[in-house]
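FYI, in the numbering used here the residues of the sequence shown are 3 to 146. Each residue gets a CB set at the ideal place from its N, CA and C atoms; glycine is no exception. What follows is a set of notes on a single structure, which appears directly below.
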Amino acid sequence: MSAPFDCELLESRTFLSAGPVPQLGPEVQVPFISVEARRTAPQLAPASLNGLTFTRVITKGTHSLPGKGTYKVVYSKTSEKFETSVGDYGGSYTYKVTGKNTATIASDNSVFGKLTVTLTFTSSTTGTFHIAGASGTQDGTFTV
3 MSAPFDCELL ESRTFLSAGP VPQLGPEVQV PFISVEARRT APQLAPASLN GLTFTRVITK
63 GTHSLPGKGT YKVVYSKTSE KFETSVGDYG GSYTYKVTGK NTATIASDNS VFGKLTVTLT
123 FTSSTTGTFH IAGASGTQDG TFTV
């Protein structure tokens, strides 16, 4: 009788025993099923920012980037454009997922110029951000 599945040897182990090892004859077949358990981290960083709104809470800022406060960044549903809830500025961006929980945004806006935003997601809706550019740096937390 053949098995309805194929088995693959994933690892081999030698066990030491304090007692006698039972000897099995060639007529005895011992079924051995090896299951490879892989634990993978879930994908937290979204594939796209289109249509998302981020609320950012600033914890630190340098130079001309504010060091405290809260603001929203609203990403367009149809293009790589964004607007903010502070001042009257927005701009364009390029988004790239760099890992299961990380992503970067290269943005160019009318007030602060070119900035690189690094996002680290702690869940699919929360995380931390770090902004860096010629106008300074900014750190904080966000919710989506």
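Chain-order list of residues whose beta-carbon lies under 6 Å from that of residue i (same chain, five-residue window excluded)
| i | result |
| --- | --- |
| Glu-128 | The question names Glu, yet the displayed sequence has Thr at residue 128. Taken in chain order, the residues that qualify are Thr-145. |
| Val-75 | Phe-56, Phe-84 and Thr-86 |
| Ser-126 | Leu-46 |
| Asp-141 | Thr-61, Lys-62 and His-132 |
| Tyr-97 | Leu-51 and Ile-107 |
| Leu-54 | Tyr-77 and Val-146 |
Cβ neighbour criterion (16 or more within 10 Å) applied to residue i
| i | result |
| --- | --- |
| Ala-105 | buried |
| Ala-47 | buried |
| Tyr-91 | exposed |
| Gly-71 | exposed |
| Val-119 | buried |
| Gly-135 | buried |
| Ser-109 | buried |
| Ala-49 | exposed |
Close-in-space but distant-in-sequence residues of the same chain around residue i (CB under 7 Å, 5 per side omitted)
| i | result |
| --- | --- |
| Gly-138 | Gly-63, Thr-64, His-65, Ser-66 and Leu-67 |
| Thr-100 | Thr-106 |
| Val-113 | Gly-89 and Tyr-91 |
| Tyr-73 | Arg-58, Thr-86, Ser-87 and Val-88 |
Own chain residues within Cβ distance below 8 Å of residue i, not counting five before or after
| i | result |
| --- | --- |
| Leu-121 | Ala-47, Thr-104, Ala-105, Thr-106, Ile-107, Gly-129, Thr-130, Phe-131 and Phe-144 |
| Gly-115 | Gly-135, Ala-136 and Ser-137 |
| Thr-147 | Here the chain comprises residues numbered 3 to 146, so residue 147 is not present and cannot be evaluated. |
Supposed close pair residue i, residue j - CB separation, criterion 8 Å
| i | j | result |
| --- | --- | --- |
| Asn-111 | Ser-78 | Asn-111 to Ser-78, Cβ: 14 Å. No contact. |
Residue i at chain D interface by Cβ criterion, 8 Å
| i | result |
| --- | --- |
| Thr-61 | No chain D is present in this structure, which holds just one protein chain. |
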